[in-house]
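Below: the structure, in structure tokens.
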Amino acid sequence: MVRAAVGGIAFVGLVALGMLLPHPGATTIRAWADSTGPWFLALFFLAHVVITIFPIPRTVFTVSAGFLFGPVVGIVVCMAASTVAASLAFLGVRAIDRRHPSRVIARAREHRAYAPIAARLRARGWLAVGSLRLIAAAPFSLVNYASALSPVRFWPYFGATVAGLAPGTIAVVLLGDALTGESSPWLVLISGGLMAVGIAGLLLDARIPARPEA
Numbered sequence: 217m218v219r220a221a222v223g224g225i226a227f228v229g230l231v232a233l234g235m236l237l238p239h240p241g242a243t244t245i246r247a248w249a250d251s252t253g254p255w256f257l258a259l260f261f262l263a264h265v266v267i268t269i270f271p272i273p274r275t276v277f278t279v280s281a282g283f284l285f286g287p288v289v290g291i292v293v294c295m296a297a298s299t300v301a302a303s304l305a306f307l308g309v310r311a312i313d314r315r316h317p318s319r320v321i322a323r324a325r326e327h328r329a330y331a332p333i334a335a336r337l338r339a340r341g342w343l344a345v346g347s348l349r350l351i352a353a354a355p356f357s358l359v360n361y362a363s364a365l366s367p368v369r370f371w372p373y374f375g376a377t378v379a380g381l382a383p384g385t386i387a388v389v390l391l392g393d394a395l396t397g398e399s400s401p402w403l404v405l406i407s408g409g410l411m412a413v414g415i416a417g418l419l420l421d422a423r424i425p426a427r428p429e430a
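Residue numbers for the sequence shown follow this note's numbering, beginning at 217 and rising by one.
Right under this line is the structure:
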């Protein structure tokens with residue numbers, strides 16, 4: 217109790233200190249990112265790929281990409297990095313599973329979200345990959361791992377991953393760009409429209425009959 221109170225006070229103090237101290241504005245930060253050249257973009261891409269292979273949320277990268285690089289570059293780098301990370305995770309887990317299947321499956325099943333994701337993959341195959349990518353509550357990394365442990369083949373998984381990630385990724389990158397205050401209102405509307413597309417995809421998936429499990 218005391219530790220939580222001290223932690224809360226420290227957090228409030230840090231926030232207040234951050235508000236009082238001078239700090240660069242959004243325009244200055246983006247100008248700095250532009251001035252660093254391609255090496256910073258390459259480093260961002262590499263960090264995005266390596267970190268999100270593991271069970272670490274990718275949202276911070278998606279928002280940061282829009283904030284730092286703008287809508288076009290931000291969308292391209294995030295879609296590319298997320299797709300590469302998902303592919304490497306899928307291939308890596310599948311390769312490990314062939315050598316140590318019991319260990320990999322046991323660890324994956326420990327996660328409380330594994331069972332419903334695995335059941336969805338068994339029932340719908342690669343279509344489930346696309347629909348799960350549209351659900352923010354389905355962890356990115358867990359979908360990668362569960363797909364690798366399912367009968368889904370790589371190329372259908374790859375295509376469904378790109379299609380499923382696109383609406384949410386583009387929407388969040390555009391929202392990150394809007395944080396600079398320089399974003400067009402049209403881009404914000406597009407962001408909302410893409411979120412609506414994601415919801416429509418989920419509704420459509422719910423109406424498609426699932427194939428019976430063997």
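Just so you know, even glycine gets a beta-carbon here, dropped at the ideal spot from N, CA and C.
- Query: What runs of the alpha helix (DSSP H), each 4 residues or longer, lie entirely inside the stretch 243-329?
  - Reply: 254-269, 275-285, 287-315 and 317-325
- Query: Among residues of its own chain, excluding the 5 on either side of residue 369, which ones have a beta-carbon nearer than 8 Å to its beta-carbon?
  - Reply: Along the sequence shown, read from residue 1 onward, the residue named residue 369 stands at position 153. Cβ within range, chain order: 342.
- Message: Can you look up residue 349 in the DSSP assignment and give me helix, strand or coil?
- Response: Walking along the sequence shown from the start, residue 349 turns up at place 133. Correct three-state label for residue 349: helix.
- Would you check if there are 3 or more beta carbon pairs closer than 8 Å linking the stretch 278-295 to the stretch 329-347? no
- Task: With DSSP collapsed to three states, give me the class of residue 354.
- Result: In the sequence shown, residue 354 corresponds to position 138, counting from 1. Coil at residue 354, not helix or strand.
- Item | Local Cβ density within 10 Å of residue 349, reported as buried at 16 or more and exposed below that | In the sequence shown, residue 349 corresponds to position 133, counting from 1. It is buried - the Cβ of residue 349 has at least 16 other Cβ atoms within 10 Å.
- Between residue 248 and residue 286, what straight-line distance do the alpha-carbon atoms span, to the nearest angstrom? Indexing the sequence shown from 1 puts residue 248 at position 32. Indexing the sequence shown from 1 puts residue 286 at position 70. Roughly 13 Å between the two C-alpha positions.
- Query: Taking DSSP as the reference, what is the three-state secondary structure of residue 341?
  - Reply: Counting from one through the sequence shown, the residue named residue 341 turns up at place 125. Residue 341 falls in the coil class under three-state DSSP.
- Would you kindly check if the distance between the Cβ of residue 293 and the Cβ of residue 261 is under 7 Å? Translated into positions along the sequence shown, residue 261 becomes position 45. Translated into positions along the sequence shown, residue 293 becomes position 77. Yes; because the gap between Cβ atoms is below 7 Å, this pair is in contact.
- Query: Once you ignore the five residues that flank residue 306 on each side, which residues in its own chain have a CB closer than 7 Å to its CB?
  - Reply: Residue 306 sits at position 90 when you count from the first residue of the sequence shown. Excluding sequence neighbours, residue 306 sits near 360, 363, 364, 370 and 373.
- Item | Top-ranked residue by Cα proximity to residue 300, from 255, 378 and 276 | For the purposes of this step, residue 300 is taken as residue 84 along the sequence shown, with counting starting at 1. Checking every option, the nearest Cα to that of residue 300 belongs to 378.
- So what does DSSP say about residue 369, is it helix, strand or coil? Residue mapping note: residue 369 aligns to position 153 of the sequence shown, counting from 1. Here residue 369 sits in coil by DSSP.
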